[in-house]
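Comments concern the structure below.
Residue numbers (this note's numbering), protein chains in the order written: chain A, 416 to 726; chain B, 43 to 295.
Here is the structure:
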C-alpha cells in the first residue's frame with residue numbers, strides 16, 4: 416500500500432506482536448494530515464492504544480517505521496517526542512503533588528523552562544485554575560481527566576493524542592473537551608483521538624479510521640464515510656390511509672405501515688439529491704397526499720457497527 | 043542533554059523527601075542514637091578500644107554506611123517503582139528524556155538524600171562520641187561514591203520489582219545482613235581466620251573499611267582495594283542500568 420508523503424505522522428508497515436504472542440497490530444499504514452482531527456475508532460482490544468503507544472515511544476514496534484514531522488521516532492526520538500502530547504486512557508496521576516507542580520513537571524520533562532503564563536492559561540482553559548494548589552488526590556475523576564490534558568498541553572505540543580478522552584466523563588466536561596479540541600485545531604494542533612463514543616468522532620473528527628483486530632479496516636473523510644456507507648430514510652405521513660402501494664412506485668424500496676398512514680422510503684446516502692425530488696413527484700403523480708415529511712440518516716455508529724461486524 | 047528534564051525529576055524527588063521529612067531525618071537520628079545506646083554503651087563497656095580507637099567512635103563509619111546503603115536503595119527503588127506502579131511512568135517514557143537523564147534525575151536525587159542523611163548521622167554521632175576525620179576529602183569521596191552506587195542499585199531494584207514485597211526483599215534480606223556482617227560493628231581482624239576469609243567475600247567490608255580509614259587511618263583491607271571495589275560496584279551498576287535501557291526491560295513492551 417502506498418503511503419502518501421507529507422503527513423505530520425507517517426506510519427508505515429507497523430506491526431506489533433507482544434511477548435505473549437498476541438498480535439496487536441498487523442501492518443498498519445496510516446498518514447495523519449497536518450492540522451486535522453483524526454478519530455481512531457475500534458472495539459476494545461482492537462489495537463488503538465498500542466498504536467498510539469508506539470508513536471509516543473512507550474511501546475516498541477515489532478516492525479515498521481513511524482515518522483513524526485520528518486523525524487523518525489527511533490533514530491530522531493528526541494525531536495519526534497518533543498512535538499507530541501499524550502493524554503492516556505487510564506487516570507494515571509501522582510497523588511501528593513499539587514496541580515501546579517505536576518503540570519510544571521511535565522513541561523520540565525520536555526526540556527522547557529518554566530512559563531507560568533502558559534501554565535496559567537492551560538489551567539484556566541481546563542477550569543483547573545482554582546485547584547492549582549490542591550493535591551491531585553483530592554480531585555474528582557473528571558478533574559483528574561482535565562489535569563491529564565493540562566499536563567499534555569504543558570509543553571505546547573503540535574500533535575495531541577487523546578486516548579479515550581471522554582470515557583467516564585460527564586456531559587459538561589465532554590462539551591468543554593470538544594470546545595478545547597476545536598480551539599486547538601484553530602491553533603493548528605493536530606489531534607488524534609481514540610474513542611468508543613461514535614458521537615464524539617461524528618462531532619469532532621475530520622477523518623475517521625476504523626481499526627479492528629489489529630487491522631486498519633478503512634480510513635475516510637467523515638463526510639465521505641457517511642455518504643458512502645450511510646443510509647437514509649424518508650417518511651411521509653399520509654392524509655388518508657393507503658390500502659396498498661401503487662404500481663407506479665414499484666421501482667422504489669418502500670414500506671407501508673400496517674395502518675397505511677405512513678410511507679417510508681429507504682435509500683442510500685449516495686442517491687440523495689436528484690432522487691428525492693423525483694420520488695416526491697412520483698408520489699404526487701400517484702395521487703398520494705401527505706401531511707408531513709421526515710428524513711433521518713444513519714449515524715457513524717451504525718456504519719461502524721456494520722463495518723466491524725463484517726470482519 | 044535535556045537539563046530541564048533532569049532538574050524536573052530531581053526536584054520532584056527532592057520534594058517527595060521534603061513531604062516525608064519526619065521519616066527522612068528523624069528516623070535515622072533516632073535509630074543512630076539507639077545503636078549508640080545499645081552497642082556503644084552495652085558492648086562498648088566490654089570492648090575498650092579497637093585498634094586504639096574507642097569502640098563508640100569505631101562504629102560510627104559503619105553506622106553511617108549501614109544507613110547509607112539501606113536508604114540509598116530504598117529511596118531510589120521507591121522513586122522509580124512508584125511511577126511504574128501508578129502508571130505515571132508513561133510520561134517519562136514518552137518525553138524527550140534519555141536513559142542517562144532519567145537515571146541522573148532519580149539516582150542523583152536518591153544519592154543527594156543519602157549524603158545529607160550521612161551528614162545528619164555524623165552530626166548525631168558527634169553528640170555521643172569524639173570524632174575526628176583524618177582524610178576529609180576521601181571521606182566525602184567514599185560517601186558520595188557509595189551513595190551514588192547504591193542509589194543505582196536501588197534504581198535497578200525499582201525497575202526489577204513487580205510488587206512492593208520485592209522492593210523490600212533486597213534491602214532486608216541482602217543488604218542489611220551484609221552490612222551487619224561487613225565489619226560495621228567490629229574489625230574483621232577480630233574474627234577467626236576462616237571467617238575472616240569468608241568476610242572478604244562480602245562487598246560491604248570494603249566499603250566500611252575504606253570509609254573508616256578516611257576517619258581514623260585504620261583499615262581492615264588496603265584502602266586502594268576499597269576504592270577499587272567501590273569503583274567496581276559502580277561500574278557493575280552502570281552496566282546493568284545500561285542493559286535495562288537498551289532492552290527496555292520492564293519499562294517497554
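Even for Gly, the Cβ is constructed at its ideal location relative to N, Cα and C.
query, result
"Positions along the segment 117-147 of chain B whose CB lies within less than 9 angstroms of some CB in chain A", "124, 125, 128, 129, 130, 131, 132, 133, 134, 135, 136, 137, 138, 139 and 140"
"Chain B within 8 angstroms of residue 503 of chain A, Cβ atoms only", "yes"
"Nearest-angstrom Cα separation, counted from residue 212 of chain B out to residue 83 of chain B", "30 angstroms"
"Extent of the continuous beta strand (DSSP E) to which residue 258 of chain B belongs", "Run containing residue 258 of chain B: none in the beta strand (DSSP E); it sits in the alpha helix (DSSP H), 245-258."
"Own chain residues within Cβ distance below 8 angstroms of residue 663 of chain A, not counting five before or after", "697, 700 and 701"
"Residue 70 of chain B versus residue 61 of chain B - alpha carbon distance", "16 angstroms"
"Close beta carbons around residue 428 of chain A, own chain, < 6 angstroms, minus the five adjacent residues each side", "442 and 479"
"Span separating the alpha-carbon of residue 653 of chain A from that of residue 639 of chain A", "33 angstroms"
"Beta-carbon proximity list for residue 217 of chain B, same chain, < 7 angstroms, skipping 5 on both sides", "111, 112 and 115"
"Segment limits, alpha helix (DSSP H) that includes residue 556 of chain A", "556-568"
"Residue 117 of chain B: first and last residue of the uninterrupted alpha helix (DSSP H) it sits in", "102-128"
"Whole-angstrom distance between residue 197 of chain B and residue 182 of chain B, CA atom to CA atom", "22 angstroms"
"Counted within 10 angstroms of its Cβ, other Cβ atoms place residue 421 of chain A as buried (16 or more) or exposed", "exposed"
"Per-residue DSSP class, three states only, for residue 668 of chain A", "coil"
"Nearest-angstrom Cα separation, counted from residue 564 of chain A out to residue 156 of chain B", "35 angstroms"
"Start and end residues, alpha helix (DSSP H) containing residue 168 of chain B", "141-170"
"Under 9 angstroms (Cβ pairs) to chain A, residues found in the segment 269-289 of chain B", "none"
"Run of the alpha helix (DSSP H) containing residue 587 of chain A, from where it starts to where it stops", "586-601"
"Chain-ordered residues of the segment 457-488 of chain A with a beta carbon less than 7 angstroms from chain B", "471, 472, 473, 474 and 475"
"Every unbroken alpha helix (DSSP H) within the segment 633-665 of chain A, with a cutoff of 4 residues, ordered by chain", "637-644"
"Per-residue contacts from residue 49 of chain B into chain A (C-beta, under 8 angstroms)", "523"
"Interface flag, residue 578 of chain A vs chain B, CB-CB below 8 angstroms", "no"
"Among B:280, B:176, B:202 and B:72, the one whose alpha carbon lies nearest that of residue 257 of chain B", "B:176"
"DSSP three-state assignment for residue 721 of chain A, whether helix, strand or coil", "helix"
"Among B:145, B:224, B:199 and B:237, nearest to residue 254 of chain B - alpha-carbon criterion", "B:224"
"7 angstroms CB neighbourhood of residue 162 of chain B in its chain, flanking five on each side removed", "67, 70 and 71"
"Against chain B: residues of the segment 518-551 of chain A by CB proximity under 7 angstroms", "520, 521, 523, 524, 525, 526, 527 and 528"
"C-alpha gap between residue 419 of chain A and residue 448 of chain A, whole angstroms", "Reliability of the predicted coordinates at residue 419 of chain A is poor, the pLDDT of 43 falling under 50, and no value is obtained from them."
"Nearest-angstrom beta carbon gap, residue 456 of chain A and residue 596 of chain A [assumed within contact, 8 angstroms]", "Not a contact, Cβ separation roughly 16 angstroms."
"Own chain, CB closer than 8 angstroms to residue 74 of chain B, minus 5 neighbours either side, in chain order", "105, 109, 163, 166 and 167"
"Residues from the segment 226-251 of chain B in contact with chain A, defined by Cβ distance under 8 angstroms", "none"
"At least three beta-carbon pairs within less than 8 angstroms, the segment 606-617 of chain A to the segment 526-535 of chain A", "no"
"Within chain A, the residues that residue 46 of chain B reaches when beta carbons sit closer than 7 angstroms", "523, 526, 527 and 528"
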